[in-house]
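What the sequence shown shows, in UniProt numbering, is residues 1 to 171, in sequence order.
Below is one structure, written out as structure tokens; comments come after it.
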Amino acid sequence: MAMDLGDNFFDDITKRADPQLRMLHYPAIKKKIVEQEGHARIIPHTDFGLCTLLFQDSVGGLEVDPFHTGDFKPALPVPGTVLINIADLMQRLTNDQCRSTMHRVVSPRVSGDVLPLRYSMLFFIHSDPEAMIDPIIKEKGEVKKYEPVNAGEWRTYNTRKNYTSLPAAAA
Ligand SMILES: O=C(O)CCC(=O)C(=O)O
Ligand SMILES: [Fe+2]
């Protein structure tokens with residue numbers, strides 16, 4: 001919308017979209033384990049599709065760093081809402097007009113020695129595997145910051161990076 005792409009722009013690259021639903025259960029754990037240097041419930045990362053719908057329970061711990069400065073702010077749970085994270089392919093497609101959201105799940109501010117279990121549900125929006133994601137240029141003189149990528153190859157490449165034990169053909 002901010003880029004004035006027209007109402008049907010995303011229909012064309014998501015007709016054969018293959019989204020992924022992920023249901024996460026973080027078991028209860030001693031706070032001091034999660035709070036060790038370099039530890040977290042999930043370490044800082046960006047998602048690699050177009051965008052992600054994130055539903056979380058009331059436990060908290062999710063933090064976002066939208067400007068990639070290392071300044072993480074709590075994304076406190078708000079009942080009945082869904083949080084939408086911009087992901088890497090959207091950043092490429094918009095030539096950085098939209099930045100993918102860096103996020104992590106750390107220890108929420110709760111009393112006691114043990115963090116309660118946490119549930120979250122993620123719906124990762126991916127484009128059609130055959131779609132070419134080529135940065136859209138809006139400003140005169142603007143330079144493309146990324147090479148075009150094939151969405152399917154991008155997904156396979158990133159999935160394989162995240163699951164290093166996958167056999168080559170399975171990603
Ligand atoms: O559990 C959460 O809230 C975040 C999970 C997440 O970022 C992911 O699975 O990519
Ligand atoms: Fe994520």
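No residue lacks a Cβ here, since even glycine has one placed at the ideal position from N, Cα and C.
The structure displayed is predicted, hence computed values, not measured ones.
- Tell me whether Tyr157 sits in a helix, a strand or coil according to DSSP, three-state version. The sequence position of residue 157 within the sequence shown is 157, counting from 1. If DSSP states are grouped into helix, strand and coil, Tyr157 belongs with the helices.
- Query: Which residues have a Cβ closer than 6 Å to any heavy atom of ligand 1, listed in chain order?
  - Reply: Arg22, Leu24, Ile42, Asp47, Leu54, Gln56, Leu62, His103, Val105, Ser120 and Leu122
- Note down, in chain order, each residue of its chain lying with its Cβ closer than 6 Å to the Cβ of Ala131, except the 5 sequence neighbours on either side. For the purposes of this step, residue 131 is taken as the residue at position 131 of the sequence shown. The answer, listed in chain order, is Ile13 and Ala151.
- When Glu153, Asp18, Asp4 and Phe124 are compared against Leu54, the one with the closest alpha-carbon: Counted from its first residue, the sequence shown places residue 54 at position 54. The shortest C-alpha separation from Leu54 is found at Phe124.
- Query: Does any heavy atom of ligand 2 sit closer than 7 Å to the C-beta of Thr81?
  - Reply: Taking the sequence shown and counting its residues from 1, one reaches residue 81 at position 81. No, Cβ of Thr81 sits at least 7 Å from all heavy atoms of ligand 2.
- Cβ of Val105 within 8 Å of Cβ of Leu62? Indexing the sequence shown from 1 puts residue 105 at position 105. Indexing the sequence shown from 1 puts residue 62 at position 62. Their beta carbons are under 8 Å apart, which means Val105 touches Leu62 by this criterion.
- Query: Is any heavy atom of ligand 3 found at a distance shorter than 7 Å from the C-beta of Thr52?
  - Reply: By its list of ligands, the structure shown excludes ligand 3, since it contains just ligand 1 and ligand 2.
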